[in-house]
Amino acid sequence: MARDLTVVLEDRPGTLADMSEALGKAGINIDGLCGFPCEDKGVIHVLVEDASAARKALEDAGIEVKGDRPVLVLDVSDRPGKLGGICRRIADAGVNIDLAYTATNTRVVLGASDLEKARSVI
């Protein structure tokens, strides 16, 4: 099952390369990724299949893993309105989406306050 790791990097040239190389050297494929600056750090969300191996590879490289959580990974068609419909069903069920990004092969990654309830309405 794919999991989302939250990784904190220094906001300077080369840190994303360091993170990606550490995962690559460990044979970990990055299935999805998003990142943004936050104060003087870079916060990266990375989707991986083997979270424990990814965490070990990153920590061995001196890279901070701030979180590890289950997420929904949805295959979606690439057409207008598809994401809106999915998010509306989840919202109407009273579930808050607190993480969203795209992954390889037209997949969407969602973190939510109640994953099982969100999964049941999709």
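Take any residue in the sequence shown, note its place counting from 1, add 21, and you have its number in this note's numbering.
Note that beta-carbon positions come from the ideal geometry of N, C-alpha and C, so glycine has one too.
Nothing here was measured: the structure is a model prediction, and the numbers come from that model.
query	result
From E137, E31, A114 and G132, pick the residue whose C-alpha is nearest to that of E60; which is it?	E31
Let me check understanding here. Comparing Cα to Cα, which of G63, R33, V86 and K62 lies closest to L44?	V86
For R24, which of helix, strand or coil comes out of DSSP?	strand
Between V129, L68, D81 and R33, which lies nearest to V97 when the distance is taken from Cα to Cα?	V129
Assuming contact is defined by CB atoms lying nearer than 8 Å, are T125 and G53 in contact in what I supplied?	yes
Would you list the one or two residues that DSSP bridges to P91?	R24
When you compare each of L120, I49 and A114 to G56 by their alpha carbons, which one comes out closest?	L120
Quick check on this structure: which residue in I143, D89, A72 and A82 has the alpha carbon closest to the alpha carbon of L104?	I143
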